[in-house]
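*Asks:* Taken in order, these protein sequences are the chains called A and B. Numbering follows our numbering, in which position 77 of the first sequence is assigned residue number 77; successive positions increment by one, without gaps. Numbering follows our numbering, in which position 27 of the second sequence is assigned residue number 27; successive positions increment by one, without gaps. Beta carbons: idealized from backbone N, C-alpha and C, even for Gly. Computed from a predicted structure; not experimentally measured. One structure follows; several queries about it will come next.
2 protein chains.
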Amino acid sequence: MADAISVFRAFLKKKGLKLTRQREIILKAFIGTEKHVTTDDLYEIVKKKKQSIGHATVFRTLKLMCESDLATSLNLDGKVTRFEHKYGHEQHYHLVCTKCGKFIEAVDPEIERLQQALAKRFSFKVTSHKLRILGLCKECSRKKRR
Amino acid sequence: MADAISVFRAFLKKKGLKLTRQREIILKAFIGTEKHVTTDDLYEIVKKKKQSIGHATVFRTLKLMCESDLATSLNLDGKVTRFEHKYGHEQHYHLVCTKCGKFIEAVDPEIERLQQALAKRFSFKVTSHKLRILGLCKECSRKKRR
DNA sequence: GTTATAATTGAAATTGAATTTCAATATCAA
DNA sequence: TTGATATTGAAATTCAATTTCAATTATAAC
Numbered sequence: 001m002a003d004a005i006s007v008f009r010a011f012l013k014k015k016g017l018k019l020t021r022q023r024e025i026i027l028k029a030f031i032g033t034e035k036h037v038t039t040d041d042l043y044e045i046v047k048k049k050k051q052s053i054g055h056a057t058v059f060r061t062l063k064l065m066c067e068s069d070l071a072t073s074l075n076l077d078g079k080v081t082r083f084e085h086k087y088g089h090e091q092h093y094h095l096v097c098t099k100c101g102k103f104i105e106a107v108d109p110e111i112e113r114l115q116q117a118l119a120k121r122f123s124f125k126v127t128s129h130k131l132r133i134l135g136l137c138k139e140c141s142r143k144k145r146r
Numbered sequence: 001m002a003d004a005i006s007v008f009r010a011f012l013k014k015k016g017l018k019l020t021r022q023r024e025i026i027l028k029a030f031i032g033t034e035k036h037v038t039t040d041d042l043y044e045i046v047k048k049k050k051q052s053i054g055h056a057t058v059f060r061t062l063k064l065m066c067e068s069d070l071a072t073s074l075n076l077d078g079k080v081t082r083f084e085h086k087y088g089h090e091q092h093y094h095l096v097c098t099k100c101g102k103f104i105e106a107v108d109p110e111i112e113r114l115q116q117a118l119a120k121r122f123s124f125k126v127t128s129h130k131l132r133i134l135g136l137c138k139e140c141s142r143k144k145r146r
């Protein structure tokens, strides 16, 4: 947590920005939840800490957190953008059930390695990736389909 | 092409829908381009064939094409949705340059295999996946960054 | 401290792609 | 032919994402 804050502070400083009271509250709220929040979700959480914070600030701070690699955005349902922790977390994939919407997070060093190798073939310098595997989760694939 | 049309026709029939003149024009226009089109792109193409076709019909037909696995949607820039062929095409990945926007399509049977294996561990039944690798293309990684 | 400069904020407005509505047509089955 | 249903295109709507703007606050220079 303290770590994430100093990363953010360093990032802001480099950009000539300040770690304001609002930004700190928003960052802490984000770090404090393991959920994959939407801007609105985070806004609601933050609101409890400090009534006066607005949507715009949450939105903008989330954007800064992505730029600083503390957070990353993802889109599980094709509608709203969600955010998840990136700092201190391995790159992972989402296995998303197209029926019930549940998702599983998974990691595989071998897949990572192959992705790097693939990119190398194209002299492509990887910074990140987004892998979403779509299908049916255990429960939903058991159930008879209608 | 003829193939894709019969796939679409069969799909529509199963759903109690018809292969109308408009839908056929739209499908053919889509099949006829190798570009990753937006609904607007396709609308413009289709317009040349038949003036009177509207955005809504293109949008709805594209949706049907996705349902029938002739097409699949993708989002390269985080803004507009684009559509690419799926029927008769291997699952592939997109290496997207975050600087110039160019993208490369790539395939890797080994990555495919590992994804399947990964899913199996969770008893997850894969129907498709979307893998986007973000980074810098050959040209952009050469250039000095500002 | 005072003043100039720049960053920050929250409310509200705007944007723009995606989607739906609706009335008019067209199509099919009996 | 007639009734039921699907289809269409224009326009309207939705809604998340983003920007605007005037007010406020922090920072730096003096």
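Please report the straight-line C-alpha distance between A:Thr33 and B:Gln22, rounded to a whole angstrom.
*Replies:* C-alpha separation (whole angstroms): 49 Å.
*Asks:* Assuming contact is defined by CB atoms lying nearer than 8 Å, are A:Phe8 and A:Leu19 in contact in what I supplied?
*Replies:* It is a contact, given that the beta carbons lie within the stated cut-off.
*Asks:* List the residues that DSSP assigns as beta-bridge partners of B:Thr72.
*Replies:* B:Thr72 pairs with B:Glu84.
*Asks:* Roughly how many angstroms lie between the CA atoms of A:Gln91 and B:Glu105, to the nearest whole one?
*Replies:* Approximately 21 Å, taken between the alpha carbons.
*Asks:* Under DSSP, the beta strand (DSSP E) around A:Val160 begins and ends at which residues?
*Replies:* Chain A is shown only over 1 to 146; residue 160 of chain A falls outside these bounds and no answer can be derived.
*Asks:* Select from B:Glu110, B:Gly16, B:Phe11 the residue whose C-alpha is nearest the C-alpha of B:Met65.
*Replies:* Of the candidates B:Glu110, B:Gly16, B:Phe11, the one whose C-alpha sits nearest the C-alpha of B:Met65 is B:Phe11.
*Asks:* Using DSSP with H/G/I as helix, E/B as strand and the rest coil, what is A:Glu105?
*Replies:* Three-state DSSP puts A:Glu105 in a strand.
*Asks:* Beta carbons nearer than 7 Å to chain B: which residues of the region 115 to 133 of chain A have them?
*Replies:* Result list: Gln115, Leu118, Ala119, Phe122, Ser123, Phe124, Lys125, Val126, Thr127, Ser128, His129, Lys130, Leu131, Arg132, Ile133.
*Asks:* Please report the distance separating the alpha-carbon of B:Ile133 from that of A:Lys47.
*Replies:* The straight-line gap from Cα to Cα measures roughly 35 Å.
*Asks:* Compute the Euclidean distance between the alpha carbons of B:Val107 and B:Arg113, then round it to the nearest angstrom.
*Replies:* Cα-Cα distance, rounded: 12 Å.
*Asks:* Who are A:Ser128's beta bridge partners in DSSP?
*Replies:* Paired residue(s): B:Leu134.
*Asks:* Out of A:Ala117, A:Leu62, A:Leu131, point me to the one whose CA is closest to A:Ile25's CA.
*Replies:* Closest option to A:Ile25, Cα to Cα, is A:Leu62.
*Asks:* From the DSSP output, which residues share a beta bridge with B:Val46?
*Replies:* DSSP, once it has assigned bridges, lists no residue as partnering B:Val46.
*Asks:* Figure out for me which residue from A:Gly101, A:Tyr43, A:Leu95, A:Cys140 has the closest Cα to the Cα of B:Lys130.
*Replies:* Of A:Gly101, A:Tyr43, A:Leu95, A:Cys140, the residue nearest in Cα terms is A:Leu95.
*Asks:* By the DSSP assignment, the alpha helix (DSSP H) with B:Ile5 in it spans what residues?
*Replies:* Looking at the DSSP string, the run of the alpha helix (DSSP H) that includes B:Ile5 is 2 to 14.
*Asks:* Taking the alpha helix (DSSP H) that A:Thr38 falls in, what are its first and last residues?
*Replies:* First-last for A:Thr38: undefined, no H or E at that position.
*Asks:* For A:Lys138, which residues in chain B fall below 8 Å Cβ to Cβ?
*Replies:* Here the neighbours are Phe122, Ser123, Phe124.
*Asks:* Spell out a yes or no on whether the region 118 to 127 of chain A and the region 79 to 89 of chain A are touching, meaning 3 or more CB-CB pairs, one atom from each, closer than 8 Å.
*Replies:* Output reads no: the region 79 to 89 of chain A does not touch the region 118 to 127 of chain A.
*Asks:* Applying the criterion that 16 or more other CB atoms from any shown protein chain within 10 Å of the CB defines a buried residue, is B:Cys137 buried or exposed?
*Replies:* Classification for B:Cys137: buried.
*Asks:* Within 8 Å (strictly less), CB to CB, does B:Ala71 reach chain A?
*Replies:* So no, B:Ala71 is outside the interface.
*Asks:* Since I believe A:Tyr93 is in contact with A:Leu70 (beta carbons under 8 Å), could you give me their beta-carbon distance rounded to a whole number of angstroms?
*Replies:* A:Leu70 to A:Tyr93, Cβ: 20 Å. No contact.
*Asks:* Does the CB of B:Ile111 have a neighbour CB from chain A at under 8 Å?
*Replies:* B:Ile111 counts as touching chain A.
*Asks:* Taking buried to mean at least 16 other C-beta atoms within 10 Å of its own C-beta, is A:Leu42 buried or exposed?
*Replies:* Buried is the call here.
*Asks:* Spell out whether any CB of chain B is found under 8 Å from the CB atom of A:Asp41.
*Replies:* Chain B, which has no Cβ nearer than 8 Å to the Cβ of A:Asp41, makes this no.
*Asks:* What in chain A is Cβ-close to B:Thr98, meaning under 8 Å?
*Replies:* The contacting residues are Thr127.
*Asks:* Can you give me the start and stop residues for the alpha helix (DSSP H) that A:Gln22 sits inside?
*Replies:* Element bounds for A:Gln22: 21 to 31.
*Asks:* Using beta-carbon positions only, say whether A:Ser141 and B:Lys125 come within less than 8 Å of one another.
*Replies:* In contact: A:Ser141 and B:Lys125 (Cβ atoms closer than 8 Å).
*Asks:* Leaving aside the five residues before and after A:Gln116 along the sequence, list all residues of the same chain whose C-beta is less than 8 Å from its C-beta, in chain order.
*Replies:* Counting only Cβ-Cβ distances below 8 Å, and skipping sequence neighbours, we find Val126.
*Asks:* Measure the C-alpha to C-alpha separation of A:Ile5 and A:Phe103 and round it to an integer number of angstroms.
*Replies:* Distance between the alpha carbons of A:Ile5 and A:Phe103: 29 Å.
*Asks:* Taking Cβ positions only, does A:Val3 come closer than 8 Å to chain B?
*Replies:* A quick correction: the sequence has Asp, not Val, at residue 3 of chain A. Not one chain B Cβ lies under 8 Å of A:Asp3.
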